[in-house]
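For what it's worth, this note's numbering labels the leading residue of the first sequence as 410, then goes sequentially.
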Amino acid sequence: MTAERRFYITTPIYYVNDMPHLGHAYTTVAADALARFMRLDGYRVKFLTGTDEHGQKVAASARSAGISPQEFADRVSLSFREMTGLLAISNDDFIRTTEPRHRRAVEALWRELERRGEIYLGRFAGWYSVRDEAFYGEDELQDGKAPTGAEVEWVEEENYFFRLSRWGERLLAYYEANPEAIGPKSRKNEVVSFIKSGLNDLSISRTGFSWGIPVPGNPRHVVYVWLDALINYLSAIGYPDVENPEFSTYWPADLHLVGKDILRFHAVYWPAFLMAAGLPPPRRVFAHGWWTVEGEKMSKSLGNFIPPERLVAIYGRDAVRYFLLRELPFGSDGDFSRRAVVARLNGDLANDFGNLAQRVLVMIGRNCGGRVPEPGGEGEALLANARGLLPALREHMREEAFHLALEAIWRVVGEANRYVDAAAPWALARTDRRRMESVLYALAETIRRLAIVVQPFVPEAAERLLGQLAVAPAARSFAALEESPLIPGTALPEPEGIFPRFVEKTLSCEAGGAR
RNA sequence: GGGCCCGUAGUUCAGCUGGUCAGAACGCGCCGCUCAUAACGGCGUUGUCGCAGGUUCGAGUCCUGCCGGGCCUACCA
């Protein structure tokens, strides 16, 4: 084999023109859950996120803020870095396109494309939208604006072009041979039909502003932001030094997680750039859906972008993570409403899982002297289901089906609750203590397994729960599921709730007010 | 304009290649338990499966048209 079990996963690098919001949090949390899952499953993982900082829009925002583009980028980039802490994101690196290592990679890739004859200098005339970073044809304009509603200006400039038109057939062949390379399937179909409709050469440089990476050999041009940005996935693992172990270990990336709006860049342009430079394309790109907020589209005009820190302050880190991953199939659109979040939080987390752990641990505390009880063959059916969890989870996670993974875990939670009722250990405490111990052991062992597999999704709560079961940090990987069952007699700490119920704050000042 | 997808219980949705496919969860009602975060468990509840035709022994499940919603892409310059 020698093919080491390794996994390279990325989020997009986020454009610093916007502050972090729910949408950014979503992609990042999903990537984190996968990264954590793979690590626990024994993979060497590289999990990358970061910020995209060049381009005309950033330059303009900086100007209106009265600061330099670099200063502006520094500030916003910091907010994104803070978001990773807020949401307990376990990224291994955080790349910025303004870093020297990135610039080096962009320059190298550019030269490589040039050397291979994939770039030529051409002339472009057309309507350009700064907001969309895109050109439009005369005919596409509506009322003098882009189809997206953005302002456009007439631009006539010399541009470097990438010979994208040459790559259509090879892209199609690639996707034909690698049907898993784009997910979900519906998106793959869109991409394929887009490619089939014919690809035009792509303008990959801009003039007229300087906030970007200069084109090697022609500093009047800066590299098109999208080409610049996409290369981050390479620069973070040491490109252009393709001989270094980091690069040879991790490239091609296993998974680029992206929002559905930027799929084309990742599933058409990016693989074409890579193939043209003689590098293998990513193994898989997955496009997730959008959240609405209380039924409304997130938009600047509505001002309903939810900053991650607000969410975490209100609901808690784990609850937000859980909701985002559980509420809907990854890939679909969904609605983020207070009602739905509270329902998940109180129903699934507090009542089902949190209360299960609490009721079992309290009984052990009272009836077993606070020590792991003796097993005795009870609860075999329950334990069998808990054992069957990992293989199912692997399958779901391979397909980014977080909601199914969580559903499977919660099915065992439900079984455990039913088992508590059926076995009634509180009654056995008076009649058959040996059997009571055996029942409680099965439950505690089930909870241990649940706590281990739930780590990727709600890491903080899982950690506390594992602490309450006195599971050593070294015994929390998936390998430990079979290797390290609970040892009877182990002293357990005083149990504490792990998922508090969410109680609507009754605001006294609102008591008499109409709402 | 072309392409794709969706419309199933009050709500959110499962239902692959046609024959227990009329389901799950939440909500709601009744009952049980009392270990637990007023949590848990049991039973029950509602649907003309968007509309109209058609294929078939038999269709949410296939075909056609229509209505409604979404997405991708392009608009005879």
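The beta carbon of each residue, even a glycine, is placed where N, CA and C say it ideally should be.
Distance between residue j and residue i (C-alpha atoms, nearest Å)
i, j, result
"proline 421", "arginine 780", "47 Å"
"proline 902", "valine 880", "11 Å"
"serine 917", "isoleucine 723", "Low confidence applies to serine 917: its pLDDT is 37, below 50, so where it sits in the model is not reliable enough to give any reading."
"leucine 737", "asparagine 776", "41 Å"
"arginine 844", "glycine 788", "10 Å"
"glycine 494", "alanine 752", "26 Å"
"arginine 484", "phenylalanine 503", "15 Å"
"alanine 801", "alanine 817", "8 Å"
"asparagine 794", "alanine 468", "56 Å"
"leucine 487", "proline 834", "52 Å"
"alanine 825", "valine 667", "36 Å"
"phenylalanine 695", "proline 654", "26 Å"
"leucine 792", "asparagine 764", "19 Å"
"alanine 749", "valine 702", "11 Å"
"asparagine 760", "valine 822", "10 Å"
"histidine 665", "serine 657", "18 Å"
"arginine 827", "lysine 594", "38 Å"
"glutamate 913", "serine 470", "38 Å"
"aspartate 501", "aspartate 441", "10 Å"
"glutamate 718", "alanine 439", "17 Å"
"isoleucine 861", "glutamate 599", "38 Å"
"leucine 639", "isoleucine 715", "26 Å"
Coil, strand or helix - residue i by DSSP
i, result
"glycine 743", "strand"
"alanine 825", "helix"
"histidine 430", "coil"
"proline 628", "strand"
"alanine 923", "Bear in mind that a pLDDT of 29 at alanine 923, under 50, signals an unreliable position, so the model cannot answer this."
"isoleucine 671", "helix"
"serine 612", "strand"
"tryptophan 563", "strand"
"arginine 415", "strand"
"asparagine 598", "helix"
"alanine 696", "strand"
"alanine 889", "helix"
"arginine 448", "helix"
"lysine 709", "coil"
"alanine 404", "This structure leaves residue 404 out entirely; the chain is present only between 410 and 924."
"phenylalanine 603", "helix"
"tyrosine 424", "strand"
"methionine 410", "Residue confidence for methionine 410 is low, a pLDDT of 40 falling below 50, so the modelled location carries little weight; the figure read from the coordinates is stated next. If DSSP states are grouped into helix, strand and coil, methionine 410 belongs with coil."
"glycine 531", "strand"
"leucine 799", "helix"
"serine 538", "strand"
"serine 917", "A caution first: serine 917 carries a pLDDT of 37, below 50, which makes its placement in the model unreliable, though a value can still be read off. Note: serine 917 maps to helix in three-state DSSP."
Integer Cβ distance of residue i from residue j, believed to fall under 8 Å
i, j, result
"isoleucine 613", "valine 632", "7 Å"
"arginine 873", "isoleucine 907", "5 Å"
"glycine 621", "asparagine 568", "Going by Cβ atoms, the distance from glycine 621 to asparagine 568 rounds to 13 Å, so no, they are not a contact pair."
"valine 515", "aspartate 427", "Between aspartate 427 and valine 515 the Cβ distance is about 22 Å, and since that is not below 8 Å, they are no contact."
"histidine 433", "methionine 707", "The Cβ separation is near 11 Å, so there is no contact."
"arginine 747", "lysine 669", "Going by Cβ atoms, the distance from arginine 747 to lysine 669 rounds to 25 Å, so no, they are not a contact pair."
"alanine 853", "leucine 890", "With a Cβ gap of about 14 Å, alanine 853 and leucine 890 do not count as contacting."
"proline 690", "proline 661", "6 Å"
"valine 624", "glycine 464", "Not really, about 14 Å apart at Cβ, beyond 8 Å."
Contact under 7 Å by Cβ, residue i with residue j
i, j, result
"serine 893", "alanine 884", "yes"
"glycine 459", "arginine 505", "yes"
"alanine 482", "glutamate 508", "no"
"alanine 685", "leucine 580", "no"
"aspartate 742", "tryptophan 699", "yes"
"tyrosine 642", "threonine 419", "yes"
"valine 453", "glutamate 589", "Valine is not the amino acid found at residue 453; the sequence shown has arginine there. Their beta carbons are not under 7 Å apart, which means arginine 453 does not touch glutamate 589 by this criterion."
"leucine 449", "serine 886", "yes"
"leucine 608", "serine 574", "yes"
"serine 644", "arginine 735", "no"
"tyrosine 583", "valine 601", "no"
"tyrosine 731", "valine 867", "yes"
"glycine 797", "proline 904", "no"
"phenylalanine 911", "asparagine 713", "no"
"methionine 806", "phenylalanine 571", "no"
"valine 423", "lysine 455", "Here residue 423 turns out to be tyrosine, not valine, going by the sequence shown. No, the Cβ-Cβ distance between tyrosine 423 and lysine 455 is not below 7 Å."
"valine 564", "tyrosine 529", "no"
"aspartate 757", "alanine 870", "no"
"isoleucine 498", "threonine 437", "yes"
beta-carbon residue i near the ligand HEM non-hydrogen atom, thresh 6 Å
i, result
"arginine 513", "Ligands displayed in this structure: none; no statement on the ligand HEM is therefore possible."
For this session: Please specify which runs of the beta strand (DSSP E), each continuous and at least 3 residues long, are wholly inside the segment 457-529, giving them in chain order.
Result: Runs of the beta strand (DSSP E) inside the segment 457-529: 502-505.
Problem set entry | 3 or more residues per run - each beta strand (DSSP E) lying fully within the segment 711-788 | Listed in chain order, the complete beta strand (DSSP E) runs (minimum 3 residues) inside the segment 711-788 are 743-745.
For this session: Taking only runs that begin and end inside the segment 566-593, name each unbroken alpha helix (DSSP H) of 4 or more residues, in chain order.
Result: Segments of the alpha helix (DSSP H) lying fully in the segment 566-593: 577-586.
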